[in-house]
Amino acid sequence: MRMSKKVVHMTSVHHPFDTRIYHKECLSLRRAGYDVTLIAPETDAESAIDIIPIKKYKNKFLRMAFSTYQVYKQAKKRQADYYHFHDPELLPVAWLLKKNDNVVIYDIHEDYATSIMQKEYLPRPLRKLITKAYKRIENVFARDMDLCLAEKYYQELYPSGKVILNYPLINEKLMARTVDDTIEQLENKLLYTGNVDVDRGAYTQARLPLIDAEITVYFFGKCAREVADNMYATAGDQKDRLIIEGIDRYVPRETIDDQYMNRRWLAGIALFPPTEHYKRKELTKFFEYMSAGIPILCSNFPVWKAFIDRYQCGIAVDPQEGEAIQDALEYLRLYPEEAAKMGRNGQKAVQEELNWHKEEEKLLQWYDKIGEQTREAGDEHAQ
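If you want it as structure tokens, here you go:
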């Protein structure tokens with residue numbers, strides 16, 4: 001029987017109900033008998049675990065100075081057996097918390113080096129300098145930490161890391177959603193879920209009403225006001241066929257799940273421009289679209305196209321080729337039985353293989369293993 005151990009998850013950036021942090025990792029650990037606390041930006045919502053609120057500053061530099069200090073102060077009080085943090089800016093905090101008798105886990109959600117390199121608003125020489133500085137800081141502070149990797153290819157960057165993929169929770173309502181071949185039930189509506197920004201194809205996808213005269217595109221995810229305004233400008237006189245829910249606000253998990261159920265979507269979209277940061281990632285939204293039996297329409301990056309081909313769950317196209325996108329949409333409209341088959345294939349893959357249940361087992365076994373190794377090392381150090 002697993003011993004009850006004290007775990008503190010920490011984030012100064014993510015929403016407290018972030019799917020990976022709260023709904024997957026924290027709740028999985030709690031069900032397994034761990035005493036779990038989450039330190040995160042303040043919220044009034046009720047929670048199944050103890051959430052310690054910190055103030056989140058809109059200014060990035062104020063957040064890095066003051067929010068991180070609040071995280072450290074609250075985390076140190078808890079004297080936890082495991083500290084599990086989710087933001088690079090908390091590396092110094094985690095380094096200060098690391099002792100011989102505790103576990104500190106750095107949960108790497110993103111490939112931060114390539115993310116920095118694609119920030120176009122920074123001069124390229126400065127991007128290179130910041131990337132080099134970040135890698136050096138990470139190497140120093142994370143030397144004695146355990147690494148949790150959210151993507152398969154991150155293991156090339158961190159060979160010692162443990163891959164805990166961001167596969168979806170099995171949503172019984174979504175999985176029970178019947179996918180049939182009836183053309184009358186398909187709507188000329190496309191769905192996008194998750195954060196909306198330029199690198200995630202905001203402007204590429206805002207062109208869709210101009211490419212296809214019948215399509216309306218729905219976005220459910222946080223979107224900065226400036227980005228939303230530019231998306232409307234991109235769509236021009238067709239902007240009424242862009243529905244953006246989440247301008248300058250977080251969209252709750254429950255709201256997104258409801259949207260999967262509410263319509264017979266023609267496709268779930270991920271038409272991203274080619275960037276080093278995204279073209280090798282298996283997007284969480286892929287698995288969610290698949291869970292709901294919705295065909296995927298995505299960019300034809302080699303990793304993404306191989307994924308689509310393997311599971312036969314959608315269509316991959318060049319995101320810059322309007323004619324190819326229009327052809328794909330027309331195919332889904334003309335052949336609803338094929339669209340339905342893609343949806344059923346996706347649900348089957350999630351049910352049998354691509355789900356959080358399998359990753360949860362990996363997470364719990366890994367916690368046991370590194371906890372035991374730390375206890376043994378602590379005993380040796382004490383002798």
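The opening residue of the sequence shown carries number 1 in full-length UniProt numbering; numbering runs sequentially from there.
Cβ atoms here follow ideal geometry from the backbone N, Cα and C, with glycine treated the same way.
Using a Cβ distance threshold of 9 Å, E214 and R63 do not count as a contacting pair.
Inter-segment contact for the stretch 299 to 308 and the stretch 276 to 288 is present: three or more beta-carbon pairs are separated by less than 8 Å. Taking 9 Å as the cut-off, the Cβ atoms of P168 and L354 count as close. Within the same chain, V163, L165, E282 come within 8 Å of K152 by CB-CB distance, once the 5 residues on both sides are set aside. Per DSSP, K239 lies in no beta strand (DSSP E) and is assigned neither H nor E. In the DSSP assignment, the residues bridged to F85 are M10, Y106. Taken atom to atom, the span from the alpha-carbon of Y112 to that of K341 is near 37 Å. One thing to note: E352 has its Cβ no nearer than 9 Å to the Cβ of K24. Contact check between the stretch 95 to 103 and the stretch 140 to 155: three or more CB pairs, one atom from each, fall below 8 Å, which counts as touching. Across the set T234, T275, F220, the C-alpha of F220 shows the shortest separation from the C-alpha of G268. The beta carbon of K173 sits closer than 8 Å to the beta carbons of D257, M261 from its chain, once the five residues preceding and following it are set aside; these are given in chain order. The beta-carbon distance between L364 and A75, rounded to whole angstroms, is 22 Å. This is too long to meet the 8 Å contact definition.
In terms of Cβ geometry, C298 and A324 do not form a close pair [threshold 9 Å]. Under the three-state reduction of DSSP, A267 is assigned to strand. One thing to note: V8 has its Cβ within 9 Å of the Cβ of Y82.
In this structure, the alpha-carbon of V103 lies about 50 Å from that of E187.
Between R249 and P209, the C-beta spacing is not below 9 Å. Linking D197 to I244 through their CA atoms gives a straight-line distance of about 12 Å.
Of R30, E120, Y154, S12, the smallest CA-CA separation from V93 is found for S12. Residue pairing by DSSP places L149 opposite I108, V163 in a beta bridge.
Here Y278 is buried, its C-beta having at least 16 other C-beta atoms within 10 Å. For P53, the secondary structure class from DSSP, reduced to helix, strand or coil, is strand. Note: L38 is bridge-paired with H9, I51 in the DSSP secondary-structure output.
Judged by their CB atoms, T275 and T131 are not nearer to each other than the 9 Å cut-off. When secondary structure is reduced to three states using DSSP, V251 falls in the coil class, being assigned neither helix nor strand. Per DSSP, A349 lies in no beta strand (DSSP E); the unbroken alpha helix (DSSP H) holding it starts and ends at 336 to 352. Taking a 10 Å sphere around the C-beta of S160, we find fewer than 16 other C-beta atoms and assign the residue as exposed. For F219, the enclosing beta strand (DSSP E) covers residues 216 to 223. Around P252, the same chain offers F17 as residues with beta carbons nearer than 8 Å, after the five sequence neighbours per side are excluded.
Spatial neighbours of K58 in its own chain (CB-CB distance under 7 Å, excluding positions within 5 residues in sequence) are not present. When Y121, E89, M117, K119 are compared, the shortest CA-CA separation from Y106 is found for E89. Among the bridge pairs identified by DSSP, A316 is matched with C298.
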